[in-house]
Amino acid sequence: MLPVHARTLPSQRRVIIDTDAKNEADDQFAIVHGLLSPSLDVRGIVAAHFGMRPGRSERSMLDSREEVDLLLELMGLTGKVRVENGSPYALPDELTPIPSPGAELIVEEAMREDEGPLYVAFFGPLTDMAAALLAEPRIADRDVTVVWIGGPSYGPEPAANRPEFNLANDIVAANVVFASALEVWQIPRSTYVMTAVSYAELDEKVAPCGELGEYLVRQLVEWNAVHAHSPMEYRSLGDSPAIGVLLNENCGRIVERPAPTFRANGSYDLDRTHRPIRVYETIDSRFLLEDFFAKLRQFARADSQSARAADDRFAE
């Protein structure tokens, strides 16, 4: 039987992934999961910025691009998946788009005729979606769904000492998208943190899966070693829920809320709202994580079998 990632399904979701891939250590898992899922027709990956902060990169979008390229190399997919650069920085205001190949890709796919719905999954800021919308307002009338990992909780949670990270990197863009007519599926911070995995689990289920699995675990542990402020042997794969809800729309408890406006401090202004959006209050982490682990194991096994077959041919 073919491994899941090699199967042809009768229908697929047309998807673009927009990722600040070198920001932390979880985008990598979500990118790989999306590419290994046969029900997702990934039309391209857009490298996103993750802001400019002291001690962080001054070329964050390009860092993301290099990480995407590395992952594709590890998967043997170099040249087989379209990759474009997104905006190198946040929008200056709610009227001015920032041209980029990534925004052009979104416009191109959104305006295709007779291709069915388009889903654009954002693991970072909404800059490239807002830029595409400002450059081509007709996108708002197309069958386009924005799946966004971002925004604070709508309910009580421990006070954060800063705005939710993805939102903070472009509050202007978030307001452009949330005020539009686009379909939005939001996965806020209180939900995406429900995907914690321990080092022990990663060592058992991911690290043995070839060069790709070893890299995924190593870069996560190395990131924690530099940035964690307390003893830590786990990480939330916080971008993976965007893939989970694309694979299974009911991968969590859904509520419908009026789309809020975001204040400059990253909080919700619920007195200034727009059309309803979908908000995921929970995520089925068992389905999400076990699906990823299984697909990665199958991919590594198939890769190993191909390598052995090549060795056998040379030995003859």
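Every number in our numbering is 107 more than the matching position in the sequence shown, counting from 1. Glycine included, each C-beta is placed from N, C-alpha and C at the ideal position. Small disclaimer: the values here were computed from a predicted structure and weren't measured.
Give the secondary structure of residue i by DSSP, where H, G and I count as helix, E and B as strand, and everything else as coil.
i      : result
GLU363 : strand
THR380 : strand
VAL175 : helix
TYR299 : helix
GLY141 : helix
LEU116 : coil
PHE157 : coil
VAL252 : What sits at residue 252 in the sequence shown is Thr, not Val. THR252 falls in the strand class under three-state DSSP.
VAL304 : strand
Skipping 5 residues on each side, what residues in its chain have a beta carbon closer than 6 Å to that of residue i?
i      : result
ASP133 : LEU344, GLY345 and ASP346
VAL190 : ILE152 and VAL175
VAL362 : VAL386 and GLU388
SER164 : ASP170
LEU327 : ALA132 and ARG342
Does residue i pass the burial test, meaning 16 or more other C-beta atoms within 10 Å, or should it be called exposed?
i      : result
PRO232 : buried
SER332 : It should be noted that the sequence gives Ala, not Ser, for residue 332. With fewer than 16 other Cβ atoms within 10 Å, it is exposed.
GLU131 : buried
GLY359 : buried
GLY223 : exposed
LYS312 : buried
GLY193 : buried
ASP398 : buried
Tell whether a beta-carbon distance below 7 Å holds between residue i and residue j.
i      : j      : result
PRO295 : GLY320 : no
TYR299 : ILE256 : yes
ASP235 : ALA210 : yes
ARG120 : LEU353 : yes
PRO348 : ILE390 : yes
ILE369 : ASN282 : A small fix is needed here, since residue 369 is Phe in this sequence, not Ile. Yes, the pair counts as a contact, with Cβ atoms nearer than the cut-off.
SER305 : GLU340 : yes
ALA238 : ILE124 : no
ALA425 : PHE230 : As shown, the chain starts at 108 and ends at 423. That puts residue 425 outside it, with no answer to give.
ASP200 : PHE157 : no
VAL173 : VAL214 : The sequence given here places Glu at residue 173; Val does not occur at that position. For GLU173 and VAL214, no; Cβs fall outside 7 Å.
Using C-beta distances below 8 Å, list every residue in its chain close to residue i, excluding the 5 sequence neighbours before and after it, in chain order.
i      : result
GLU318 : LEU181
PRO270 : PRO259, ILE278, ASN372, GLY373 and SER374
THR185 : ASP176 and LEU179
THR203 : LEU241
PRO365 : LEU377, THR380, HIS381, ARG382, PRO383 and ILE384
Between residue i and chain C, is there a C-beta pair that is closer than 7 Å?
i      : result
PRO204 : Note that chain C does not occur in the displayed structure, where there is just one protein chain.
Which residues in the same chain as residue i place their Cβ atom closer than 7 Å to its Cβ, once the five residues preceding and following it in sequence are excluded?
i      : result
LEU395 : THR302, SER347, PRO348, GLY351 and CYS358
ASN355 : PHE394
Residue ranges of each alpha helix (DSSP H) run of no fewer than 4 residues wholly in the region 185 to 231, ordered along the chain? 208 to 217
Which runs of the alpha helix (DSSP H) at least 4 residues long sit entirely within the region 318 to 367? Give them in chain order. 347 to 354
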